[in-house]
Structures are given as structure tokens and as C-alpha cells.
Ligand code: FES
Ligand code: FES
């Protein structure tokens, strides 16, 4: 049995410990804000925080997540400064990648409160947006961080 | 909005009221939209509840363009509704709404007038109802943010309070309607956020991948690795041992032509997605690969290039091309080629369906819910009226999701299992079994006068046609493919010919964002740049010379109709004045005149009309000493006619800059032994943040012309603008996409 915290709530999981956290969140907890895009750690759509750090939930097994604290997009509750900046800049187009983008950016801001362009590139290059919202993502991160565009 | 339709709606309305409550008899009506069921619904697109809530139906799919919000905003503006009290309801598939096929960049241009009529009709009827109640002239009553107000007396009633009375009035003739002046718009072009934006940002938006039905199974389907292959045998023993796997079911192969039919294959059904994916890995399937097992896309591309060197079917002919070449001072020729491409929307195809009592209900990420009705009905042998398709948000579409094979798979599997079934395509399924953007080979030849200006132009193009979707024997292009930036090139050249060479097809070909414009624009605008350099002229000056003076040109291709993106040439002529305008604008905004190339640093230009919109691009590239390319700036000037949601228009062109960069630099589907070689984002590459243009500057012309396309027309000029910038920076002319395959230093 695996025990973990998801958005502050303790959960127990009896199934296959090799199941990726992604499918546990989506299919077992019905928290579908975390998205599937590649299943191979290539796109970032499934990004969540495990013990405060951005990870790809498609590459994190339930066994890896045991005893850890997981935060998903739902866990930000719309209160994160990035979410407000995302609203103000109307970042999303189709929106499918955006949960992952926001979770990745939230982790970046924990590490670098005032990120440089190079740090933004470095942190965000694992998150694909096929609609091409990268410019607005960059400026929304800067707005949330209070750095000049 | 004919009188007949209005009569029918009135009859329906009476019936609804006669029934008192909203108990509707038939299956279709039981799925009637909330707008239809409202106390007052003068139109299929709008309904008003006694509470004052305004329900506006969005009948087009939302895949990122904003049309689900923009069209309802137009209704709300004409009605003068309070946007806070508007609920936008996504329509099910139903022909009563007209076309719901959300592709071709036409949601706004085809429906904005209808939305204005819907809003103005409702407003007029509410004003009339108020006037009758107060016994004052209707002209003195005015809608204001959800109320009807009589200024003279200060009387005021909410829309909800007037709904029942308005419902009893005759629907006014649309010729008598008065429309709001632009100056009174509250929502149009005011950058109101999309209705789903907050949900998306908080992780609550429901995409096809997120849709569910109680008791559903999740299916992962093994399709033939080669187009047209058939399952020979399979062994499901190991798959069935996976915990959670419930069943393994064979789906019959399609019958050619493939149309939107499911491909056929072997489905693993399980309690949840992970079990289905695990079971699928354990499945052993032997395929009879069929006649396409020798298809090799590299060899095929060579053949297309060879075909394009030979005379083909003439699709445009002006002047005397032979004589023109014979008398030219100089001849320049070049060949260009482009690969197959996959749409790769971030959300892979996904849908859930339930077959019960001979009817299907499904929830799907689809660009075309009426095609879902037809395709599902065809696959199951039922009437399309018995297919109810709910449309979710789409995690990108780009043309892939107008073809509902995956929805029919879900319906078929539900019929076979007696349970609701959700079909989930993995990224590998998506990349390997797409309807690919066509590969193309193009040959260009110009006869030049002494000044370097062409007097003669020949453009031959060969590519497998989208027409093979509907006719597997087709070898020549459809009119719509020819009319996409190829036989409608508005250059002022006396001798001009376009020819189409034959191409047999070996894979599913489909439309991808901007379609045939993409490869034609790449060849034409790269070649134009080559000619400018040969003549020693500035590429923008040179292009303006080719376009000639500003004028409207009537296109007369040979042996076909000029498609003009489905619009009359009288409404949307090919207008070189508008093209010159966007070129002037992009030159000015990018500081083109001062931009001098230096080693590893250059600027490139291209301008293209597609989807009735005029777009000019200037791109800056930097190529470092290891040949790595970055794009610091891209300027895009646009005349898309009148806009209705300026910020969403801008965002579409920002997106096109990145989408076009992927096509130019990175993406390629290759096929060996009939099998697609790519499978996921490590080998099917698309632009990530560092590769995308760092700064995209969109310059919108404040146009009063009719609204034209927005979602697609930004894409075609981007790849040639990059190729031309690379030439300026490095002296290398890259004629084959993707450009990452050419060493730049
Ligand atoms: S789904 Fe996990 S990185 Fe793409
Ligand atoms: S907004 Fe569509 S993939 Fe990013």
C-alpha cells in the first residue's frame, strides 16, 4: 500500500505501485487538471509538485510518490500570483498545456524569485505549447515575479 | 433565417409552451439546448430565462482561437446583455445551427452576421414587449445591460421580466432590424477573457481527455503500423492477465476510401487508462501489411521532385510561357520540397461514447460534431439523428480533430461491450496514425528580362491530395488545394503557368493548419527572394514590383473554379492594394530599410494571402558559429478585415509564428517500409520556448473590410521568411524542409 498527500489530503492507494502518479491523479482521484501529453517526460503537460519541486507525474510511479506531498494545479486554488498573471495576460489558447506550464513556472519562482530570461528558458523548455503561447508565458512569469518585461 | 425557418421555430415554441413544463417528447428534443428551453428564445442561438439569465449557444468548437467566446460576445453586444449574466452553452452537433465544422478559419466570417441578427432580434422583441407594457412607442425603449429602459419616464424592466411577453410577439423581419453602431460595443474588440479561461488556469476545464461516463471502460487500440494493413492474428493471453484489463476486442478494418472511418485494429479495454496502456503493451498482433508496406517517404519525395520537373496538368495559364522562356534574358530555376507533418495537438484524440437502445451519446474533443454524427451512424448502421455529440474543449485541433475516427471507435466498442467506452490515443498512436499534412515537391522556373524582373513564371507542384480521403484513386489536387496560394498568386507577370503532377497516395493525408498554402508559400516566397538577390534588388522592393499597382484581380484558373476559400470573388477579391499595405506596414515596423545583414545575422521577408487575409512577415535570425539558429524577432503585419476579438486575433498570429517555426525548422514525419518512424516528441520535434521566436510583434491593420480568416493565415509566410533570413545571414539557400537537416555553417 502506498500512502501520500495530495493537495494536503492524505490518500491511500492499494493498486499497482508502478502506476504513474499521472493516472492515479486523473483516473483514481478524478483530478483531471493534470494532463497527459506524451507519457515519456517530453512535454511537461503532466507537471505537478512533489515535495515542492516540479516533476513529471507520468514519470513518477506511485512507489516513488509514497510518503511524499503532491501538489497539483487544483491545489493552487487559483490564488497563486502566476494564475493571476496568467489571467491578466490571457495566456491560454486551447489551454491544454497550461496546468503544466503554471506548475513548472511555480517551481521556477520558488528557486529563482526574480528569474532571468535564461533561467526562464532553462526551466520552461521541457513544457511544450503547441498553440505557441510562449511569449505570453514568459511575460506572465515576469509579471508574477515583478521583474521587468 | 428564412421565413419558413422562423415559422417552424414559432411552432416549436408554441408546442413548448403548450406543454407547460419543458417535457419534450423525442430523443433529439430531450437534448434540446437550454437556450431552446428558455422562456424566450427567438433564435436557436439565444434564450432568456425568467431570471434574466441569457443563454447564448456556441455552436463552433473551442480549440484555442476563442471563437466559442467571440461569437456569443457578438450576440451579447447586439442584445446589450450584461456579460456577467450570460451563460455560454456549447452546442451539441445539430444541423439546425448550420455548419459546425470548425476549420477553414471561417467561424467569424461565416457567422458574425447571423450572431448580430440573433442579438438584434431578441433585443427588438424585448423592446417591443416593454413598449406594449408601458404603452409608449417602441422607438423610445432601449436595451441597456440586461434591462429595457424608457428614458423619458425612467421606467426599467429586466430582460427576464419581459421574456414571457416577448415570446408571444412575432419575430421581426431581419430587414427591419437595427444594429448597434461600433462605438457602442461593450465586448467586441474589448479583450474580454474567454469564457473558459479561468477554468483552464485553475485546472477545471473539461477536455475530451477529461470526459467521463459512469461505469465506462478505457480503451487503447493497436492500429496497423502500415496504412491499409489488416490484422492477421493476435494473442491476447498476456494482455488479459494485466490487472484491470476487462476485454480485448477486434475492430474491423476500414473499407476504402477511408473517409473518416475508424482504421480498425485490436482494442484493449480496462478499468482505467494505465491498465489499458499496460495491456496494450502485452498484446501480440500479426499484421498483413498490404500494398503500402514498401512506401518510403524519402524516395517518394524524390519522386515528387522528379514529377514536378515534368509537364503536368495545366491549372493556370496566361500569356505564352514557351515564348516567354525562349525570349528571356536569363532563366532561373529551383526545386523545393516539404515533408509529411503530424498535427500533434497537445491533447491526443480522445472521446467517450455510450451505445444504448440503438442510440449513441458521446462526449468528444471534435472540431466537427455533425461529422461525428455521420461517422458514428455510418459505423454502427444507425440514423445520424440517433447520435448525440457533446463537444468538450479541444486541447488543440489544427485539423486533426475534424476527422472523428476515434469517436466512432468509442461508439463501436461501446456497442460491443454494452458499456460506455472512452478511447484514448497515446501520443505514439497520434504520431503514427495521423491524417498527415501532405508532402510536396515543387519546381519553379522564371524567365527574366534584362532588369531581372520575370516576364515568365512556371510553378509545378506534385503532392498526394486530401482528395484521397474520399477517393482512394485520386492522383491530382482538389480545387481547394490549388486555390491555396498557388494558382491564385497575384503577381503581375504576363506569362504565367501552374501545372499539377500526379501523385499516388500511400498514407492518410489530411488538412493541417493552413493546408496547401504552407508548401506553396514556402516555394513561391523563397523563389521570389532568390530572384530579388539575383537581380541585386531589395526583396521587399522587388516583391512590390511583382505585385504591381494596387488593384483587384479576378482569378481565372484553367479548367476549374477558383475556390477563394469558399467565398465569392466579388465579396473577397484578391486585392494587391491590401497586400501592399501590410508589406509597407511590416517594413516600417521592423525597420527593414535599416536592417543590414552581417555574418550569422540576417532578416528575411515573405508575404502571403490565405483564408482571405493578407499577411506580411519580417523575421530576424541569428546563426551561431556551430550553426544553431535562434529567432530574436518576428514582425507580422495583418489585414484580416474587421476583427471582433482583437486580443484573440493577435494571439492566433503569435501562435502561428511558433507553429510556422516548427514547420520550417524542426518537424518531419518520415516513413520506411510503410511505417512511420517517429513516435513521440523526442523524434517528432516541435518548437519549444528557446526555439520559438523570442519576440513576436503583431501589427494589425484597422481594417473595415469584411472579416476574414485568422487561425491559419499566419502560418504560410513564416517558413519562407525564416529561409530568406537564413540566406541573408549565411548565404545558404535552404530549399528542403525541415531546415534543421541542412548544416547552416
Ligand atoms: S505527459 Fe508527462 S511529460 Fe508529457
Ligand atoms: S495553449 Fe494549447 S498547447 Fe498550450
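Protein chains in written order, with our numbering: chain B, 1 to 149; chain Z, 150 to 894. We put the beta carbon where it would ideally sit given N, CA and C, even for glycine.
Here residue 218/Z carries a helix assignment [DSSP, helix/strand/coil]. Cα atoms of residue 479/Z and residue 612/Z: separation of roughly 29 angstroms, rounded to the nearest angstrom. Distance between residue 594/Z and residue 686/Z, taken at the CA atoms: about 19 angstroms. Secondary structure note for residue 40/B: it is in no beta strand (DSSP E), with a DSSP letter that is neither H nor E. Under the criterion of beta carbons closer than 8 angstroms, residue 561/Z and residue 411/Z qualify as touching, at roughly 7 angstroms.
Between the segment 412-428 of chain Z and the segment 586-602 of chain Z there are fewer than three inter-stretch CB-CB distances shorter than 8 angstroms, so the stretches are not counted as touching.
Distance from the C-beta of residue 24/B to the nearest heavy atom of ligand 1 is not below 7 angstroms. Bridge pairing for residue 437/Z: 379/Z [DSSP]. If you ignore the 5 residues before and after residue 188/Z, its C-beta comes within less than 7 angstroms of the C-beta of 197, 198, 199, 312, 313 and 316, all in its own chain and listed in chain order.
For residue 100/B, same chain residues with a beta-carbon under 7 angstroms away, outside a window of 5 residues either side, are 35, 44, 45, 46, 47 and 127 in chain order.
Every residue with a CB closer than 6 angstroms to a heavy atom of ligand 2 is listed here in chain order: 92/B, 93/B, 94/B, 95/B, 96/B, 97/B, 98/B, 129/B, 130/B, 131/B, 133/B, 213/Z, 495/Z and 545/Z. Around the beta-carbon of residue 18/B, fewer than 16 other beta-carbon atoms lie within 10 Å, marking it exposed. Residues of the segment 338-358 of chain Z with a C-beta less than 9 angstroms from any C-beta of chain B: 340, 342, 343, 345, 346, 347, 348, 349, 350, 351, 352, 353, 354, 355, 356 and 358, listed in chain order. Not one heavy atom of ligand 1 falls within 7 angstroms of the beta-carbon of residue 240/Z. Under the three-pair Cβ rule at 8 angstroms, the segment 847-863 of chain Z counts as touching the segment 785-794 of chain Z. Restricted to the segment 308-377 of chain Z, the alpha helix (DSSP H) segments that are unbroken, complete and at least 4 residues in length are 308-316 and 346-350, listed in chain order.
Within 8 angstroms of the CB of residue 796/Z, the CB atoms of chain B belong to 90, in sequence order along the chain. At least one heavy atom of ligand 1 sits closer than 7 angstroms to the Cβ of residue 37/B. The beta carbons of residue 728/Z and residue 696/Z sit about 6 angstroms from each other, so the pair counts as a contact at 8 angstroms.
Among the residues of the segment 648-670 of chain Z, none has a Cβ less than 9 angstroms away from any Cβ of chain B. When Cβ-Cβ separations below 8 angstroms define contact, residue 74/B makes contact with chain Z. Residue 739/Z: member of the alpha helix (DSSP H) spanning 725-739, first to last residue. Neighbours of residue 830/Z in chain B, taken as residues whose beta carbon is under 9 angstroms from its own, are 37, 38, 40, 42, 43 and 128 in chain order. With a cut-off of 8 angstroms on Cβ pairs, the segment 605-621 of chain Z is in contact with the segment 641-650 of chain Z, counting three or more such pairs.
DSSP places residue 134/B inside the alpha helix (DSSP H), whose first and last residues are 134-145.
Taking the CA atoms as reference points, residue 368/Z sits about 5 angstroms from residue 417/Z. A contact is defined here as three or more CB-CB pairs under 8 angstroms, and the segment 468-487 of chain Z meets this definition with respect to the segment 671-685 of chain Z. Set against 7 angstroms, the gap from the CB of residue 44/B to the closest heavy atom of ligand 1 is smaller. Per DSSP, residue 565/Z is one residue of the alpha helix (DSSP H) stretching across 554-566.
Beta-bridge partners assigned by DSSP to residue 192/Z: 195/Z. Beyond the five residues adjoining it in sequence on each side, residue 294/Z comes within less than 7 angstroms, by CB distance, of 229 and 231 in the same chain, given in chain order.
Note on residue 190/Z: 16 or more other CB atoms within 10 angstroms of its CB, so buried under the neighbour-count rule. If you check the CB distance, residue 540/Z and residue 525/Z do not come in under 8 angstroms. With respect to the C-alpha of residue 267/Z, the residue from 207/Z, 756/Z, 886/Z and 578/Z having the closest C-alpha is 207/Z. What residue 121/B touches in chain Z, judged by beta-carbon distance under 7 angstroms, is 838 and 839, going in chain order. Neighbours of residue 8/B in chain Z, taken as residues at a C-beta separation under 8 angstroms, are lacking, since the least C-beta distance is about 15 angstroms.
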